[in-house]
Ligand code: PEP
Ligand code: MN
């Protein structure tokens with residue numbers, strides 16, 4: 006039992022169901038439907054509450070009980086009733102609030118701009134980028150769509166590579182938030198650190214290398230913080246969605262999926278770092294209720310091809326992007342990690358202009374095309 010459909014006007018039953026959910030360790034999400042009924046979704050591990058479905062079924066006003074057949078129950082798009090009828094669940098909007106009081110809504114149809122250094126390295130670098138982002142946010146009226154990125158703890162392929170400033174980097178990000186009001190996302194690599202990092206960060210990133218570290222996924226889920234979950238570079242769709250379910254099963258549905266490219270044979274040619282799978286964005290949004298964003302930096306590996314990759318995700322209706330940037334060109338030679346793929350902020354401004362132009366001029370065409378295919382499949 007994952008979803009209960011309840012007729013309107015049965016508030017006593019609603020209270021009983023909420024109480025039962027709390028006893029079974031579930032949160033509820035109530036979708037106020039049209040004129041006739043609402044749906045109550047049980048969030049988290051539903052095995053215990055499922056044992057009580059006989060009791061729930063008999064409560065006044067309960068018209069139907071739905072089960073989600075996908076193994077990733079909490080985030081699946083489609084739930085099925087006993088007779089095989091289906092309900093399409095609504096998109097999940099993930100909210101990230103800044104100290105400036107603005108709420109960034111990921112998944113509400115407008116592109117979210119996550120931008121910042123690969124890693125905070127100096128205060129000047131990190132703060133300047135954040136100030137530049139804030140100025141661009143104000144200039145284009147998109148401050149409520151901007152989030153800062155920066156990994157203080159870096160997963161590196163070679164043990165001798167620079168691995169980030171660690172807690173000192175977190176302190177820098179905290180300071181940057183205090184000065185600019187912008188929220189920030191940072192990576193956690195180890196389950197023992199999730200709770201402590203969550204006391205600082207506004208949003209947590211789980212990187213591609215740790216995308217199936219199940220203890221980490223659960224620990225980050227428990228923090229209830231918004232999470233960006235990158236797709237493991239060799240993960241199939243169901244592995245990716247099931248990884249997200251590890252977070253959701255803890256009652257945390259504040260998950261944003263992120264495609265960052267996969268390894269293919271062609272990468273040896275050296276023309277890009279990872280192969281972007283744009284179609285997987287469409288697929289993720291079809292199979293799950295989660296917003297899905299795109300990382301053009303780690304697919305590119307070279308700043309000259311970041312822009313086209315970034316713009317490439319737009320027709321696939323990515324809910325936003327996460328892009329690595331530089332505050333000024335002269336810093337590139339000092340940058341310790343992912344220097345070649347960092348876009349200078351003056352070029353990133355061009356990306357903002359292009360994305361806003363796209364939203365205004367092309368999005369209506371894409372919506373029209375969608376409507377055509379939706380109507381055709383109904384016919
Ligand atoms: C990063 O965002 O800097 C990063 C390490 O990303 P990924 O896990 O996608 O490689
Ligand atoms: Mn990076």
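Residue numbers (my numbering): 6 to 384. Beta carbons: idealized from backbone N, C-alpha and C, even for Gly. These figures come from a predicted structure and were not determined experimentally.
Item to complete: Locate the alpha helix (DSSP H) running through residue 377, then write down its first and last residues.
Response: 368-383
Fill in: Spatial distance of residue 326 from residue 315 (CA atoms)
Within the model, the alpha-carbon separation for residue 326 versus residue 315 is close to 7 Å.
Worksheet entry | residue 283 (DSSP reduced to helix, strand or coil) | coil
Fill in: Outcome for residue 372 when other beta-carbon atoms lying within 10 angstroms are tallied against a minimum of 16
exposed
Discussion item. The ligand MN and residue 166: does the residue's C-beta get closer than 6 Å to at least one heavy atom of that ligand?
Written reply: no
Worksheet item: How about residue 66 and residue 12: are their beta carbons less than 7 Å apart?
Response: Yes. Within cutoff.
Worksheet entry | Pick from 302, 26, 217 that is closest to residue 280, judged by C-alpha positions | 302
Worksheet item: Quick one, which of 97, 114, 53 has its alpha-carbon nearest residue 364's?
Response: 114
Practice prompt. Assuming residue 286 and residue 299 form a contact by the criterion Cβ under 8 Å, report the distance between their Cβ atoms to the nearest whole angstrom.
Written response: 6 Å
Worksheet item: Nearest-angstrom Cα distance between residue 339 and residue 52?
Response: The alpha-carbon of residue 339 is positioned some 52 Å away from that of residue 52.
Discussion item. Assuming residue 88 and residue 71 are in contact, meaning their beta carbons sit under 8 Å apart, how far apart are those beta carbons, in whole angstroms?
Written reply: The beta carbons of residue 88 and residue 71 sit about 11 Å from each other, so the pair does not count as a contact at 8 Å.
Practice prompt. Kindly indicate which residue of 353, 134, 8 has the alpha-carbon position closest to the one of residue 57.
Written response: The candidate whose alpha carbon is nearest that of residue 57 is 8.
Worksheet item: residue 241: buried (16+ other C-beta within 10 angstroms of its C-beta) or exposed?
Response: Label assigned to residue 241: exposed.
Item to complete: Tell me where the beta strand (DSSP E) around residue 71 begins and ends.
Response: 67-71
Worksheet item: Do the segment 121-131 and the segment 202-215 touch if we need at least three Cβ pairs shorter than 8 Å?
Response: no
Worksheet item: Counting Cβ pairs, one atom from each stretch, are 3 or more of them under 8 Å apart for the segment 214-229 and the segment 255-267?
Response: yes
Worksheet item: So what's residue 334 in DSSP terms, helix, strand or just coil?
Response: helix
Worksheet item: With a CB to CB cut of under 6 Å and the five nearest residues on each side skipped, what residues in its chain are close to residue 104?
Response: 182, 186
Item to complete: Report the residue from 179, 161, 274, 312 whose alpha carbon sits nearest the alpha carbon of residue 135.
Response: 179
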